[in-house]
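Engineer:
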Amino acid sequence: MSKAFTYPALRSTRENFKCPSCSQALTLNAESQPKTYSCTNRHSFDMAREGYLNLLLAQHKRSRNPGDSDDMIRSRQRFLTAGYYSPLSEAIVNQVANSASGSDQTLIDLGCGEGHYMQQLRNALPDLKLLGIDISKFAVRLAAKRKMDARLVVDSAFNIPLFENRIDTAISVFSPIRSEETARILKPGGTLILVGPGEEHLSGLTALIYDKTVPHAGNPLEATAQFALQETIEIKRDISVEGSDILDLLTMTPYYWHSRPEQQQMLEKLEKLETRIHFYLKIYKNGSSE
Ligand SMILES: C[S@@+](CC[C@H](N)C(=O)[O-])C[C@H]1O[C@@H](n2cnc3c(N)ncnc32)[C@H](O)[C@@H]1O
Ligand SMILES: [Zn+2]
-2 MSKAFTYPAL
8 RSTRENFKCP
18 SCSQALTLNA
28 ESQPKTYSCT
38 NRHSFDMARE
48 GYLNLLLAQH
58 KRSRNPGDSD
68 DMIRSRQRFL
78 TAGYYSPLSE
88 AIVNQVANSA
98 SGSDQTLIDL
108 GCGEGHYMQQ
118 LRNALPDLKL
128 LGIDISKFAV
138 RLAAKRKMDA
148 RLVVDSAFNI
158 PLFENRIDTA
168 ISVFSPIRSE
178 ETARILKPGG
188 TLILVGPGEE
198 HLSGLTALIY
208 DKTVPHAGNP
218 LEATAQFALQ
228 ETIEIKRDIS
238 VEGSDILDLL
248 TMTPYYWHSR
258 PEQQQMLEKL
268 EKLETRIHFY
278 LKIYKNGSSE
């Protein structure tokens, strides 16, 4: 007898995914095809073995494997697991604990990567319904292996496969975001927590790569018509990155592509890198009138 399928079924029809071909609701027929989501127009999408759904249609891809590469994702997972950004993950968890304090709360992580921040949220908030989306299938596959009771989907944050007004809280950590699309899937008054680099982020690393100091460009989403900024939280620390974590840090950032082979070799041999980390968390409410 085959083993019962244990993927958490959708807890309410309001949380259905939207079919990327025809925009009808995708539902899971738990009895006849427990791993296949389909719409009334018979478009169907199989869950991957690891338990995620790939809704990114070939015609919506700009490249064969969009988003971060397997190498970048694995480097980021090792680096984040080592705890270098823990002041940031603690701040994210605190904010979500404040904003998603009621019962039956749903959070989406837009550009969730390998799921580091969702895992921290799951550890602290066991009742929170988690949904993660990333355009990189390598990232989503690794996130699915965490078995953290999150629904995970490969798709673009610019075209989220959800219906309107579904989500209480969205987070976006160092990922691309489109404000209209995020506002569409958030409930009115829902919270967006946007995390981006401060001007001095990784200044110790960039000093070894660039001749001139290059301050970080800052946050990708500034004031928009859809959102009202409630609060900005700044986090600034000096950290000491050791051994192979230095190359992981380089590989997980775009600086890898800006560095010359001899700089990469120098960083590979370095025993310790002192650098500043600098983040802004911007807390927005969905709806400009509040
Ligand atoms: C710098 S990483 C951050 C990942 C994760 N939030 C973290 O902090 O660990 C940016 C992520 O955005 C993803 N990404 C890029 N374009 C995207 C898009 N249009 N929609 C969703 N994810 C996207 C990449 O695949 C990558 O995982
Ligand atoms: Zn369809």
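All residue numbers for the sequence shown refer to this note's numbering, where the first residue is -2 and numbers rise by one. C-beta atoms are modelled at their ideal positions from N, C-alpha and C, and glycine is treated no differently.
Buried or exposed for Thr103, please, with buried defined as at least 16 other CB atoms from any protein chain shown within 10 angstroms of its CB.
Structural biologist: buried
Engineer: Of all the alpha helix (DSSP H) runs that stay within the bounds of the stretch 75 to 158, which reach a length of 4 or more residues?
Structural biologist: 83 to 96, 113 to 121 and 134 to 141
Engineer: Find the nearest neighbour of Arg59 within the set Ser153, Lys233 and Tyr34, judged by alpha-carbon distance.
Structural biologist: Of Ser153, Lys233 and Tyr34, the residue nearest in Cα terms is Ser153.
Engineer: Distance check for Ser41 and Lys233, CA to CA, integer angstroms please.
Structural biologist: 47 Å
Engineer: Report the rounded CA-to-CA distance for Asn120 versus Ala147, giving the unit in angstroms.
Structural biologist: Between Asn120 and Ala147, the C-alpha separation is close to 12 Å.
Engineer: DSSP on Ile174, reduced to helix/strand/coil?
Structural biologist: coil
Engineer: Take Lys0 and list the residues in its own chain whose beta-carbon comes closer than 7 Å to its own, dropping the five residues that flank it on each side.
Structural biologist: Interpretation of Lys0 is limited by its pLDDT of 40, a score under 50 that renders its predicted location unreliable; the figure taken from the coordinates is listed afterwards. Cβ within range, chain order: n/a, list empty.
Engineer: On the DSSP letters alone, give me the boundaries of the alpha helix (DSSP H) that Gln21 sits inside.
Structural biologist: It is not in any alpha helix (DSSP H) - Gln21 carries neither H nor E in the DSSP assignment.
Engineer: May I have the straight-line CA-CA distance separating Gly80 from Arg273, to the nearest angstrom?
Structural biologist: 15 Å
Engineer: Have a look at the DSSP bridge pairing and note the partners of Asp43.
Structural biologist: Thr33
Engineer: What residue does the alpha helix (DSSP H) around Leu54 start on, and which one ends it?
Structural biologist: Leu54 -> no alpha helix (DSSP H), and no H or E assigned at all.
Engineer: Taking the straight line between their C-alpha atoms, what separation do you get for Arg163 and Leu247?
Structural biologist: 37 Å
Engineer: Just to confirm my understanding: we take Gln116, look at its own chain, exclude 5 residues before and 5 after, and list those with CB closer than 7 Å. What are they?
Structural biologist: Arg143 and Met145
Engineer: Roughly how many whole angstroms lie between the Cα atoms of Ser83 and Lys266?
Structural biologist: 25 Å
Engineer: Relative to the alpha-carbon of Leu202, which residue among Asn38, Asp242 and Ala94 has its alpha-carbon at the smallest distance?
Structural biologist: Asp242
Engineer: Per DSSP, what kind of secondary structure is Glu265 in: helix, strand or coil?
Structural biologist: helix
Engineer: Could you check whether the Cβ of Cys109 sits closer than 7 Å to any heavy atom belonging to ligand 1?
Structural biologist: Yes - ligand 1 has a heavy atom lying nearer than 7 Å to the Cβ of Cys109.
Engineer: Pro293 and Pro158 look like a contact to me (Cβ under 8 Å); what is the Cβ gap, rounded to whole Å?
Structural biologist: Because the chain is modelled from -2 through 287, residue 293 falls outside the range shown and cannot be assessed.
Engineer: CB of Gly64 to nearest heavy atom of ligand 3: below 7 Å?
Structural biologist: Absence of ligand 3 is noted for the structure shown, with ligand 1 and ligand 2 being the only ligands found.
Engineer: Of all the options Thr33, Asn283 and Leu244, which has the alpha carbon lying nearest to the alpha carbon of Gln260?
Structural biologist: Checked all of Thr33, Asn283 and Leu244; the closest Cα to Gln260 is Leu244.
Engineer: Take Leu139 and list the residues in its own chain whose beta-carbon comes closer than 8 Å to its own, dropping the five residues that flank it on each side.
Structural biologist: Ile70, Arg71, Gln74, Glu111 and Gly112
Engineer: Closer than 7 Å by C-beta to Gly64: which residues in its own chain qualify, once you throw out the five before and the five after it? Chain order, please.
Structural biologist: Asp131, Ile132, Ser133 and Ala136
Engineer: Are the Cβ atoms of Met44 and Leu53 separated by less than 8 Å?
Structural biologist: no
Engineer: Looking at the structure shown, is Pro5 part of a helix, part of a strand, or coil, going by DSSP?
Structural biologist: Confidence at Pro5 is low in this model, with a pLDDT of 44, below 50, so the placement of that residue should be treated as unreliable; the coordinate-derived value is given next. Three-state result, Pro5: coil.
Engineer: Once you ignore the five residues that flank Ala88 on each side, which residues in its own chain have a CB closer than 7 Å to its CB?
Structural biologist: Ile230, Ile232 and Leu278
Engineer: Check whether the Cβ of His57 lies closer than 7 Å to any heavy atom of ligand 2, and answer yes or no.
Structural biologist: no
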